[in-house]
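Contents: one structure, followed by commentary.
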Amino acid sequence: MIDLTDRERIVLTYIRRRQGEHISGVTDSRICGLTQTTFNRTVSMLRAKGAIKLGGNHNFRTMTVLEEPTQEPARVESYTCPRCGARNCAEHSAGVLTTSARIPAWRAYA
0 MIDLTDRERI VLTYIRRRQG EHISGVTDSR ICGLTQTTFN RTVSMLRAKG AIKLGGNHNF
60 RTMTVLEEPT QEPARVESYT CPRCGARNCA EHSAGVLTTS ARIPAWRAYA
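The C-terminal residue of the sequence shown carries number 109 in numbering that gives the first Met the number 0, and the numbering is unbroken.
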C-alpha cells in the first residue's frame, strides 16, 4: 500500500481521469488548484513512490497510473468471552478493534 498525502491524492485522482492523454503542466496545476511548481513536485513524489509512470517530452507528459493505492478496511477480531463462552460478548468484556488506518498528518503533530 502506498502512503499518500491529501495533495498527492488530488493529483493522482486528476491523473487517473486523464490517463494516457497529453496534458500541459500549467493546465494541470490550475485545474487541481495548485501552483505549477507544487503540481510538478507532487507528480515527482508520486513518481518516486511508484504510484505513476510518466512518459512524454518537453512540457507535455503522457501520464499513466501503474497502481491504485487502496486502503485496507478496518478488521474486527473475533474472540470468545472468558465468562460465558459466547463469541464477541459485549456484556462481559470489551471488544478488541484492530484497524489499519494511519493517523492523519494534522493529528501527528498536534
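The beta-carbon is built from N, C-alpha and C at its ideal position, and this holds for glycine as well. Since the structure is predicted, the reported quantities are computational estimates derived from the model, not experimental observations.
When the Cα atoms are used, what is the spatial distance from Glu7 to Ala47? So the two alpha carbons sit approximately 12 Å from each other.
Going residue by residue through the stretch 5-61, where are the continuous alpha helix (DSSP H) segments of at least 4 residues, counting only ones entirely within it? Taking only runs of at least 4 residues, the alpha helix (DSSP H) segments lying wholly in the stretch 5-61 are 5-16, 24-31 and 35-48.
Run through DSSP, which three-state label would Arg86 get? Strand, per DSSP.
Environment of Leu53 [buried if 16+ CB atoms lie within 10 Å]: Answer is exposed; the Cβ neighbour count stays below 16.
How about Asp27: is its C-beta nearer than 8 Å to some C-beta of chain C? Looking for chain C here will not work: only one protein chain is present.
Applying the criterion that 16 or more other CB atoms from any shown protein chain within 10 Å of the CB defines a buried residue, is Ser43 buried or exposed? Answer is exposed; the Cβ neighbour count stays below 16.
Could you have a look at Leu3 and say whether DSSP puts it in helix, strand or coil? Of the three classes helix, strand and coil, the one that applies to Leu3 here is coil, per DSSP.
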